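Each step along the sequence shown adds one to the number in my numbering, with nothing skipped, and position 49 is 64. C-beta: ideal position from N, C-alpha, C; glycine also. All values derive from a computational prediction rather than experimental measurement.
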Amino acid sequence: MGARGRLTEFPERVPVGLSEAQKYRLEAIAEARGITLAGVVRYLIDKEWSEQHGCEASQDGPQEG
């Protein structure tokens, strides 16, 4: 893992079971921010890690991916 626990590379596909509502919400966030679904997931993972470890959230905002 890279700095602050961020993944240095994000896999292109990750098998995850999502409800239709969860998938719709993530797609809506991605569309509103102009980034990919993977970018939204990476941003949320980084944000969660930062909150758990008392660090500031990513200053770069959502990552393109």
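Please state the DSSP three-state secondary structure of residue i.
| i | result |
| --- | --- |
| Ile60 | helix |
| Gly69 | coil |
| Val55 | helix |
| Gly17 | Only weak support exists for where Gly17 lies, its pLDDT of 47 falling under 50; the value from the coordinates is given anyway. Correct three-state label for Gly17: coil. |
Could you spell out where the alpha helix (DSSP H) holding residue i opens and where it closes?
| i | result |
| --- | --- |
| Leu41 | 35-48 |
What does a CB cutoff of less than 8 Å around residue i pick up in its chain, not counting 5 residues either side in sequence?
| i | result |
| --- | --- |
| Ala81 | This structure leaves residue 81 out entirely; the chain is present only between 16 and 80. |
Leaving aside the five residues before and after residue i along the sequence, list all residues of the same chain whose C-beta is less than 7 Å from its C-beta, in chain order.
| i | result |
| --- | --- |
| Glu42 | Leu52 |
If you drop the 5 nearest sequence neighbours on each side, which residues of the same chain put their C-beta closer than 6 Å to that of residue i?
| i | result |
| --- | --- |
| Met16 | Summary for Met16: the model assigns pLDDT 47, below 50, so the residue's position carries little reliability, and this model does not support an answer. |
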